[in-house]
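Okay, structure first, notes after.
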Amino acid sequence: MPYVIKVPGNPRPFITNNPIIYMDCRTWGWGPESRRYGDRFCKRVRDEEAMRFETDHRERELDRIWSEEVNRRE
Numbered sequence: 001m002p003y004v005i006k007v008p009g010n011p012r013p014f015i016t017n018n019p020i021i022y023m024d025c026r027t028w029g030w031g032p033e034s035r036r037y038g039d040r041f042c043k044r045v046r047d048e049e050a051m052r053f054e055t056d057h058r059e060r061e062l063d064r065i066w067s068e069e070v071n072r073r074e
């Protein structure tokens with residue numbers, strides 16, 4: 001199931017399938033959204049990232065942001 005993650009201070013949402021990131025962001029009050037697999041918004045975001053060759057970069061960026069936030073909150 002895809003999750004839309006809206007990171008504060010970042011104008012573009014991230015899409016992830018990682019429920020751990022989703023639950024942490026929910027706990028932090030970032031307002032993540034759970035979407036169904038065939039959701040048009042998620043498909044559009046993924047297609048745009050693929051056209052810009054950003055898919056891997058965006059995944060790593062979300063992982064980095066999440067990891068830094070976890071460490072900051074410990």
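full-length UniProt numbering puts the first residue of the sequence shown at 1, with every later residue one more than the last.
Ideal Cβ placement from N, Cα and C applies to all residues, glycine included.
These numbers come from a predicted model, not from an experiment.
What do you get for residue i, buried or exposed, if any count of 16 or more other CB atoms within 10 angstroms of its CB means buried?
| i | result |
| --- | --- |
| Y37 | exposed |
| P8 | exposed |
| P32 | buried |
| I20 | exposed |
Within this structure, are the beta carbons of residue i and residue j separated by less than 8 angstroms?
| i | j | result |
| --- | --- | --- |
| P2 | R35 | yes |
| V70 | D39 | no |
Let me know the secondary structure DSSP gives residue i once reduced to three states.
| i | result |
| --- | --- |
| F53 | coil |
| V4 | strand |
| E74 | coil |
So residue i packs on residue j, CB below 8 angstroms; how close in whole Å?
| i | j | result |
| --- | --- | --- |
| W30 | I5 | 7 angstroms |
Assess, as a yes-or-no matter, whether the stretch 55-70 is touched by the stretch 7-26 under the definition of 3 or more beta carbon pairs within less than 8 angstroms.
Note that the stretch 7-26 touches the stretch 55-70; at least 3 beta-carbon pairs, one per stretch, sit closer than 8 angstroms.
Pair every Cβ in the stretch 14-32 with every Cβ in the stretch 63-70, then say whether three or more of these pairs are closer than 8 angstroms.
Touching, yes.
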